[in-house]
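Numbering (mature numbering (1 follows the signal peptide of the UniProt record, and there is no 0)), first residue to last: -19 to -1, 1 to 173.
Presented below is the structure to which this report refers.
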């Protein structure tokens, strides 16, 4: 199960790096934290009697004063193309956290092709933080208020999405925007 989660995470990366010697994969932002000792390269160098090697930032190995080891490098790769998407509706909403109940603004995208409501840190963010699978949604309601709502929130600007796993509380900027989201979400649910 853990391997499946790791593989699905790696496949969802937009770009990354792969060691040309051992095949180790990482995200571009994680490259500085990758161990610089390629196990496949160390084994081949050990068999050649050259001592241990470590990779520099440029991807070339540094040995005990010898520069005769085969170079190891990280190649840039693009992830597999993502499934087609259709952005039915998108915009900023505030989402109440599941545990600490704080409100955070997120960019939401309703995708009718993948049947998901995805949310991102911002509209410029390319990778979604999480998503709500619309197949698991039991109801979508416009509600007057939510316990713990911000004091300056507009009345009837709250959306409650009940799924089989949890209840999501979202807040739009105004009542009309909240009504638009509810209509779009319910429209996607009726297509099931």
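Ideal Cβ placement from N, Cα and C applies to all residues, glycine included.
Please read all numbers here as calculations on a predicted model, not as lab measurements.
Reducing DSSP to helix, strand and coil, say where residue i ends up.
{"i": "residue 125", "result": "coil"}
{"i": "residue 102", "result": "coil"}
{"i": "residue 72", "result": "strand"}
{"i": "residue 118", "result": "strand"}
{"i": "residue 132", "result": "coil"}
{"i": "residue 83", "result": "coil"}
Is residue i near residue j, with beta carbons less than 8 Å apart?
{"i": "residue 100", "j": "residue 132", "result": "no"}
{"i": "residue 156", "j": "residue 136", "result": "yes"}
{"i": "residue 116", "j": "residue 138", "result": "no"}
{"i": "residue 120", "j": "residue 104", "result": "no"}
{"i": "residue 130", "j": "residue 74", "result": "no"}
{"i": "residue 71", "j": "residue 89", "result": "yes"}
{"i": "residue 79", "j": "residue 172", "result": "no"}
Using a 10 Å radius around the Cβ and a threshold of 16 neighbouring Cβ atoms, would you call residue i buried or exposed?
{"i": "residue 162", "result": "buried"}
{"i": "residue 97", "result": "buried"}
{"i": "residue 150", "result": "buried"}
{"i": "residue 108", "result": "exposed"}
{"i": "residue 52", "result": "Only weak support is given to the placement of residue 52: the predicted model assigns it a pLDDT of 43, under 50, and the value that follows is read from those uncertain coordinates. Result: exposed."}
{"i": "residue 111", "result": "exposed"}
{"i": "residue 164", "result": "exposed"}
{"i": "residue 145", "result": "exposed"}
{"i": "residue 68", "result": "exposed"}
Could you pull the DSSP bridge partners for residue i from this structure?
{"i": "residue 139", "result": "124, 152"}
{"i": "residue 91", "result": "70, 98"}
{"i": "residue 77", "result": "84"}
{"i": "residue 111", "result": "100"}
Three or more C-beta pairs below 8 Å linking the region 152 to 170 and the region 84 to 102: Yes: the two stretches touch, three or more of their Cβ pairs being nearer than 8 Å.
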